[in-house]
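Colleague:
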Amino acid sequence: MNPTIYALVELLFRLVTLLFLLRFLLQAVSADRHNPIVEAVVKASDPLASPLRKIIPGTGRWDLPSLLLAWLSGAIFIYLSTGGGAPLGSSILFGAIHGAYVLTQFYWWSILIVVVVSFINQGSFHPIVDLLELLLEPIIEPIRRVLPTMGPLDFSPMVALILLSLLQETLRTLSRSV
Numbered sequence: 001m002n003p004t005i006y007a008l009v010e011l012l013f014r015l016v017t018l019l020f021l022l023r024f025l026l027q028a029v030s031a032d033r034h035n036p037i038v039e040a041v042v043k044a045s046d047p048l049a050s051p052l053r054k055i056i057p058g059t060g061r062w063d064l065p066s067l068l069l070a071w072l073s074g075a076i077f078i079y080l081s082t083g084g085g086a087p088l089g090s091s092i093l094f095g096a097i098h099g100a101y102v103l104t105q106f107y108w109w110s111i112l113i114v115v116v117v118s119f120i121n122q123g124s125f126h127p128i129v130d131l132l133e134l135l136l137e138p139i140i141e142p143i144r145r146v147l148p149t150m151g152p153l154d155f156s157p158m159v160a161l162i163l164l165s166l167l168q169e170t171l172r173t174l175s176r177s178v
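Using the working numbering, the letters of the sequence shown map in sequence onto residues 1 to 178.
1. Are the Cβ atoms of glutamine 168 and tryptophan 108 separated by less than 8 Å?
2. Please identify the residue among Thr173, Tyr101, Tyr79 and Ser45 whose C-alpha is closest to the C-alpha of tyrosine 6.
3. Where do the N-terminal and C-terminal ends of the alpha helix (DSSP H) with serine 110 fall, by residue?
4. Buried or exposed for serine 30, please, with buried defined as at least 16 other CB atoms from any protein chain shown within 10 angstroms of its CB.
5. How about phenylalanine 155 and phenylalanine 77: are their beta carbons less than 8 Å apart?
6. Which residues in the same chain have their Cβ closer than 6 Å to the Cβ of leucine 48, if we skip the five residues on either side of it in sequence?
7. Can you tell me which of Ile92, Phe20 and Arg172 puts its alpha carbon nearest to the alpha carbon of serine 50?
In structure tokens, the structure reads:
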């Protein structure tokens with residue numbers, strides 16, 4: 001496959017995977033449905049998630065149809081990127097790895113954005129930053145509980161970035177075995 005076409009297809013599948021992962025995460029953290037970003041994610045993912053929700057209902061805070069769609073988009077990408085040469089079982093397994101890799105990239109960049117914004121524009125409100133902080137709380141809070149406090153400095157985002165980088169490298173190594 002032409003490298004440019006491959007890059008475009010990969011970007012498209014990463015965005016689709018991220019869309020469904022975001023839908024899953026937003027429901028898991030009980031994000032405000034009136035936030036414009038949440039509304040956009042719900043509206044963009046509804047054409048595929050709503051029909052699947054009739055077959056597979058969500059359980060409480062866990063939107064299983066969205067998670068399944070994220071996984072399937074990763075599996076389809078792996079299957080297509082190998083030219084249909086990968087066995088279906090491998091595509092399904094590596095689709096999960098692909099989804100996990102997209103999720104770690106999202107968290108990594110989100111932490112970086114929140115840290116930069118907190119240095120530049122302290123105390124301000126923006127719906128995207130507020131939403132990112134809400135999504136990052138399940139990752140950052142356990143690290144904050146373990147790390148000793150250093151006055152006004154919070155090193156938990158740095159530790160989270162290091163851990164996410166290690167996880168990304170592990171997932172990248174696993175995905176190369178396709």
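Every residue gets a Cβ at the ideal spot worked out from N, C-alpha and C, and that includes glycine.
Just so you know, these numbers come straight off a predicted model, no measurement behind them.
Modeller: From the atom records:
1. Residue mapping note: residue 168 aligns to position 168 of the sequence shown, counting from 1. Residue mapping note: residue 108 aligns to position 108 of the sequence shown, counting from 1. For glutamine 168 and tryptophan 108, yes; Cβs fall inside 8 Å.
2. Numbered from 1 along the sequence shown, position 6 holds the residue referred to as residue 6. That would be Tyr79, whose Cα lies nearest to the Cα of tyrosine 6.
3. Taking the sequence shown and counting its residues from 1, the one referred to as residue 110 is at position 110. In the DSSP assignment, serine 110 falls within the alpha helix (DSSP H) that extends over 88-120.
4. In the sequence shown, the residue the question calls residue 30 occupies position 30. Exposed, by the Cβ-count rule.
5. Taking the sequence shown and counting its residues from 1, one reaches residue 155 at position 155. Taking the sequence shown and counting its residues from 1, one reaches residue 77 at position 77. Taking 8 Å as the cut-off, the Cβ atoms of phenylalanine 155 and phenylalanine 77 do not count as close.
6. Here residue 48 refers to the residue found at position 48 when the sequence shown is read from its first residue. Excluding sequence neighbours, leucine 48 sits near Leu69.
7. Taking the first residue of the sequence shown as 1, we reach residue 50 at position 50. For serine 50, the closest of Ile92, Phe20 and Arg172 by C-alpha to C-alpha distance is Phe20.
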